[in-house]
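Colleague: Sharing a structure with you now.
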Amino acid sequence: MILSRNALAVMLGGGAGAVCRVMIGFAVMEKLPSGFPLGVLCVNVLGGFLMGLLQGWMRRTGNTFATGYCLLGTGFLGGFTTFSTFSLDTFLLYRSGDASLAALNIALNMVLCLCAVWGGYALLAPRPERPTASS
0 MILSRNALAV MLGGGAGAVC RVMIGFAVME KLPSGFPLGV LCVNVLGGFL MGLLQGWMRR
60 TGNTFATGYC LLGTGFLGGF TTFSTFSLDT FLLYRSGDAS LAALNIALNM VLCLCAVWGG
120 YALLAPRPER PTASS
């Protein structure tokens, strides 16, 4: 029963995440048209930040949140972020002769996404207690 509930949560979350990815990605590209895949970059960075928030909240509360994590982490954020489109965009930039933009795309996705996860996690994760002067 739990397996089917978790599978349903992943399916529902993944569908919702994919729809949100398309809507946000297209909106960014419409507002900021360029030869650079800004829509995918924005979605991946936002997804990294949201994953960091989710992980930080889980750490703070001690809640493993199994079905909720299947819905939000694996499902929604798995459908929302996109490594395959990032990879294709990078390949197409390189193939079109723009190796510097391809390298920039790789660097920005890696650095900004990792910083976003760290930032989201740092906002919600418990802070280590500092020793007091009387200790």
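As numbered in numbering that gives the first Met the number 0, the sequence shown has no gaps in its residue numbers, which increase by one up to the final residue, 134. C-beta atoms are modelled at their ideal positions from N, C-alpha and C, and glycine is treated no differently.
1. Would you mind stating whether Thr80 and Asn104 have Cβ atoms separated by less than 8 Å?
2. Using only the alpha-carbon positions, how far apart do Arg188 and Leu76 sit?
3. So what's Asn43 in DSSP terms, helix, strand or just coil?
4. Alpha carbon to alpha carbon, how far is Leu92 from Phe35? Give it in angstroms, no decimals.
5. If you draw a straight line from the alpha carbon of Leu87 to that of Val39, how long is it in whole angstroms?
6. What residue does the alpha helix (DSSP H) around Leu103 start on, and which one ends it?
7. Can you tell me where the alpha helix (DSSP H) with Phe90 in it begins and where it stops?
8. Distance check for Val9 and Leu26, CA to CA, integer angstroms please.
Modeller: Quick look at the numbers:
1. For the purposes of this step, residue 80 is taken as the residue at position 81 of the sequence shown. For the purposes of this step, residue 104 is taken as the residue at position 105 of the sequence shown. Cβ distance not < 8 Å, so Thr80 and Asn104 don't count as in contact.
2. Any property of residue 188 remains undetermined from this structure, which presents the chain solely from 0 to 134.
3. What you label residue 43 is simply residue 44 of the sequence shown in a count that begins at 1. Residue state, collapsed to three classes: helix.
4. Along the sequence shown, read from residue 1 onward, the residue named residue 35 stands at position 36. Along the sequence shown, read from residue 1 onward, the residue named residue 92 stands at position 93. Using only the alpha carbons, I get a separation of about 8 Å.
5. Start at 1 with the first residue of the sequence shown, and residue 87 comes out as number 88. Start at 1 with the first residue of the sequence shown, and residue 39 comes out as number 40. Rounded to the nearest angstrom, the two C-alpha atoms are 11 Å apart.
6. The residue you call residue 103 lines up with position 104 of the sequence shown. Element bounds for Leu103: Ala98 to Leu123.
7. Counting from one through the sequence shown, the residue named residue 90 turns up at place 91. Phe82 to Arg94 is the extent of the alpha helix (DSSP H) around Phe90.
8. Mapped onto the sequence shown, residue 26 falls at position 27. Mapped onto the sequence shown, residue 9 falls at position 10. Rather than Leu, the amino acid found at residue 26 in this sequence is Ala. Roughly 25 Å between the two C-alpha positions.
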